[in-house]
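Position 181 of the sequence shown, counted from 1, bears residue number 184 in the working numbering, the numbering being contiguous throughout.
Every residue, glycine too, gets a C-beta built ideally from N, C-alpha and C.
The structure displayed is predicted, hence computed values, not measured ones.
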Amino acid sequence: MSEKEKMLTGLLYDANDSLLIQERQKADDLCRMYNNSPNDPLKILTKMLGSCGIDPVITAPFYCDYGYNIIIGDHFYANRNLVILDCAKVIIGNHVMIGPNCTLAAATHPSDPLVRRQGLEYAKGIIIEDDVWLGAGVIILPGVTIKKGSVIGAGSVVTKDIPEEVIAYGNPCKVIKKIKE
Numbered sequence: 004m005s006e007k008e009k010m011l012t013g014l015l016y017d018a019n020d021s022l023l024i025q026e027r028q029k030a031d032d033l034c035r036m037y038n039n040s041p042n043d044p045l046k047i048l049t050k051m052l053g054s055c056g057i058d059p060v061i062t063a064p065f066y067c068d069y070g071y072n073i074i075i076g077d078h079f080y081a082n083r084n085l086v087i088l089d090c091a092k093v094i095i096g097n098h099v100m101i102g103p104n105c106t107l108a109a110a111t112h113p114s115d116p117l118v119r120r121q122g123l124e125y126a127k128g129i130i131i132e133d134d135v136w137l138g139a140g141v142i143i144l145p146g147v148t149i150k151k152g153s154v155i156g157a158g159s160v161v162t163k164d165i166p167e168e169v170i171a172y173g174n175p176c177k178v179i180k181k182i183k184e
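And the structure:
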């Protein structure tokens with residue numbers, strides 16, 4: 004099994020594999036082009052991402068690891084400095100809004116320092132369902148699902164799944180109240 008196949012299936016993999024390094028460099032190049040494009044950055048975005056819905060807006064700068072693991076739905080908006088570490092699938096639904104300085108990190112590392120020294124890591128997918136709003140500075144950790152209609156308050160670190168139609172915030176992020184009683 005290749006290192007890329009291990010990465011995509013959630014197994015421990017070598018992030019220093021030559022193919023993965025090449026693919027990250029390609030994503031870096033596309034991000035640089037996107038971030039510096041005065042006209043039609045959408046063409047670059049659709050080339051970079053695995054899938055992109057209708058009317059996406061990502062305000063530059065935007066950064067990602069691979070790009071091809073990012074699936075974005077219709078009417079997506081992200082403010083400045085969005086970082087998506089897409090070593091696993093990062094699936095974002097329709098009508099999702101993301102504030103500035105947010106990070107979606109599907110990449111994670113082993114607890115054992117001897118294993119980390121070898122450059123090994125894991126990846127766990129992230130799912131953000133329809134109509135979610137992430138406030139400024141939100142960090143979503145590997146393996147998290149945020150269900151439809153929820154709002155994550157600014158500065159939150161989301162370490163576990165969030166149910167639908169709730170307001171949640173904090174570090175670690177926790178549900179504060181239902182949106183609809």
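Minimum Cα-Cα distance from glycine 158 among the listed residues Thr62, Ile101, Pro116 and Gly76 corresponds to Ile101. DSSP, read as helix, strand or coil, puts cysteine 67 in strand.
In this model, isoleucine 95 and threonine 106 are separated by some 13 Å (Cα to Cα). The alpha-carbon separation between aspartate 17 and leucine 117 amounts to approximately 14 Å. Residue environment for aspartate 32: exposed (fewer than 16 other C-beta atoms within 10 angstroms of its C-beta). Per DSSP, cysteine 105 lies in no beta strand (DSSP E) segment and is marked neither H nor E. For the stretch 98 to 158, the full-length alpha helix (DSSP H) segments reaching 4 residues or more read 116 to 119 along the chain.
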